[in-house]
Structure formats: C-alpha cells, structure tokens
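Note that the sequence shown covers residues 715 to 831 in our numbering. What follows is one structure encoded as structure tokens, with my remarks underneath.
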Amino acid sequence: MNTPNPSQRVSLATAGLWASAFVLAALVVVQAGRLASDRAWGPLGGAVARGDVVSRVGDYTTLTFNSGSDDVLAVLDGRGEQLFAYRIQNQNRLELLGVYDVKDLFAIGKRIGTGRR
Numbered sequence: 715m716n717t718p719n720p721s722q723r724v725s726l727a728t729a730g731l732w733a734s735a736f737v738l739a740a741l742v743v744v745q746a747g748r749l750a751s752d753r754a755w756g757p758l759g760g761a762v763a764r765g766d767v768v769s770r771v772g773d774y775t776t777l778t779f780n781s782g783s784d785d786v787l788a789v790l791d792g793r794g795e796q797l798f799a800y801r802i803q804n805q806n807r808l809e810l811l812g813v814y815d816v817k818d819l820f821a822i823g824k825r826i827g828t829g830r831r
C-alpha cells in the first residue's frame, strides 16, 4: 500500500492552515480599506462629503450629490425659504452656483407640469 507517512500529513495540514491564514488576512485588508474610506478626512480637516447624504440641523437641510465631475451641495433654508447651490471642486473649493427662492421654484414646477408619463 502507498499510504502517506505522518510527516506528509502534517505538511498537508500546515499548508492548509497557511492558505486559510492568507485568505483571512486578505479579507481583513479589504475590510480595513472599506472602513478607512468611510472615515476619510478631507484636505481642510473635515470629513469628506459623501454623495446622496441628507442632514438637517434646525431650519437648515443639506443634501450632497454627484453631478458627474464635481459634487454639489444644496442647502435649504427653511426659515428664509431659499435654496443655495454650491459646487465642490476637488474636495477643497466651494463655489456658489446660485440662490433660488423656493416659492419661485414651486411656481416654475407647477407651470411646467408633471411631464410625460
């Protein structure tokens, strides 16, 4: 019979343990990368704005979203009924795109209608 001796069995078991250790280490590295990107810090010391995030503080509501090459920050002033739109360029520069009256925006939307269905 051609049975493996005990030293061959041990080396197979050791190889299996090393392979599973490498797989676990790779999974740890991938998860750590995900956690680090979630807690990334911007160049100005603040947290990086993530797309599609809505936040509300007092009378102000903010929304960030991706517009293709840049991110956009929309700030809704509930008391003044105004919408401020800012472009975030390269995560370090803020440019005011415009200030809009919410009442006028709703009037324009009502005039245009619901569109095609």
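Glycine included, every Cβ here is placed at the ideal spot set by N, Cα and C. Everything numeric in this text was worked out from a predicted model, so none of it was measured.
Is the beta carbon of residue j closer than 9 Å to that of residue i?
| i | j | result |
| --- | --- | --- |
| tyrosine 814 | leucine 808 | no |
| valine 816 | glutamine 796 | yes |
| leucine 790 | leucine 811 | no |
| arginine 793 | aspartate 818 | no |
| threonine 775 | serine 769 | yes |
Are there 16 or more other CB atoms within 10 angstroms of the CB of residue i, so buried, or fewer, so exposed?
| i | result |
| --- | --- |
| isoleucine 802 | buried |
| aspartate 785 | buried |
| leucine 758 | The predicted model places leucine 758 with a pLDDT of 48, which falls under 50 and marks its position as unreliable, so this point remains unresolved. |
| glycine 827 | exposed |
Which residue marks the beginning of the alpha helix (DSSP H) containing residue i, and which one marks its end?
| i | result |
| --- | --- |
| glycine 823 | 816 to 826 |
Between which two residues does the beta strand (DSSP E) carrying residue i extend?
| i | result |
| --- | --- |
| glutamine 803 | 796 to 803 |
| serine 769 | 767 to 771 |
In terms of DSSP beta bridges, what is residue i paired with?
| i | result |
| --- | --- |
| serine 725 | DSSP lists no partner for serine 725. |
| phenylalanine 779 | Val786 |
| valine 813 | Phe798 |
| arginine 807 | Gln803 |
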